Structure formats: C-alpha cells, structure tokens
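S.K.:
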Amino acid sequence: MNKEIKRAVIVIGEEASGKTKTINLLKEQILEINTNQQIYTTIDNDELYIYSQTMQEKGDHDTSRLENRLNVYYTYKYVILPSRPLHDNDTDLCLMDIIKTLEKYEYNISYVTINGDGQRNYGYYVNKAEDIFDLINIETVN
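According to our numbering, the stretch in the sequence shown is residues 896 to 1037, in order.
1. Helix or strand or just coil, what does DSSP make of T945?
2. To the nearest angstrom, how far is it from the Cα of Q948 to the Cα of K916?
3. Rank T970, Y946 and L990 by C-alpha distance to the C-alpha of R979 and give the top, closest one.
4. Output needed for G1011: all residues of its chain with C-beta closer than 6 Å, excluding positions within five of it in sequence on either side, in chain order.
5. Of the choices E910, E1001 and I925, whose alpha-carbon is the least far from that of Q1014?
6. Hey, K1023 and I1009 are a contact pair by Cβ (cut 8 Å); roughly how many whole angstroms apart?
7. Return the first residue and the last residue of the beta strand (DSSP E) that K972 is part of.
8. Along the chain, where does the alpha helix (DSSP H) containing A903 start, and where does it finish?
9. If you check the beta carbons only, do K901 and Y971 fall under 9 Å apart?
10. Here's the rule I'm using: 16 or more other beta-carbon atoms within 10 Å means buried, otherwise exposed. How should G908 be labelled?
11. Out of S959, V906, M950 and T936, which has the shortest C-alpha to C-alpha gap to K999?
12. How big is the Cα-Cα spacing for V974 and Y946?
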C-alpha cells in the first residue's frame, strides 16, 4: 500500500544570499507562474504553497503565521519556504522553529542550501531551483 506524503523544502541561506532569487526562478522558469503567485496546483490537483521571503524578513517573530496558513490549508501537499541558517545567538524565529512546525503538520522535510552573496552566476541559481523542484516532485512512498 502506498502512503501519500507531504513534502517541504526549506531553502537555507544567509541574508541576501539569493534565496528569493532562486525561488522566483523556480516559479518563473520551472513552474511557469508569476513570481507574486504563492499557490500552485499540480497536474494531480495537489497544492504547492511557496513563500519567497523569509519569515524574519516579513517581521514574524514566531511561527504563528505559518501555523495559521497550515491550519487553514492543511491540504497543501508541498510547501517551499526560505530561511536563514541557525545561529547560536538566534532568539527570535529561527530555522528550528520552522522545522518543528512543519514536523507537527507531518511534512517530510528536505533542504537546499544557497551559498554566496546573491551575486553568483545565473546558472547557479537555476541549478538550485531545479534541485528544489526535484525534491518536491516525489508523489508517494512505499
């Protein structure tokens, strides 16, 4: 019997490393949707929710916005969101809070790391966008 899984990909990188650029390339070039669009429906009518901006950049200090979104839209099979890496001095919302929230909603979590200052060559970000797509493209697990 196949068990359907929910997948989340966290795109991890320092501030201004190119996380949003990478996610927007995924939207534009692979999913062929507008960069402002947050919800994408797959050919199988599964929903993918995409955050382009880190929660820290949105001013969130806890995971309540993410939890509210997942409570309302618990049917999201896929979630993509960026995060800054975990640092020893994190006191506000951090990567571990995001991971715990996604685990609470039974997401199987994968990670894509963006290294650099956002100024790498275009192909680097395209390859990372393809990595994200490859990770969310899993439908079922035995």
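Backbone N, C-alpha and C define an ideal beta-carbon position, used for all residues, glycine too. None of the values given here were measured: they were computed from a predicted structure.
M.R.: Looking at the coordinates:
1. According to the sequence provided, residue 945 is Ile. The question's Thr does not apply to it. In this structure, I945 counts as strand in the three-state DSSP scheme.
2. 10 Å
3. L990
4. S912
5. E910
6. 6 Å
7. Y971 to S978
8. Careful: A903 lies outside any alpha helix (DSSP H), inside the beta strand (DSSP E) at K901 to I907.
9. yes
10. buried
11. S959
12. 8 Å
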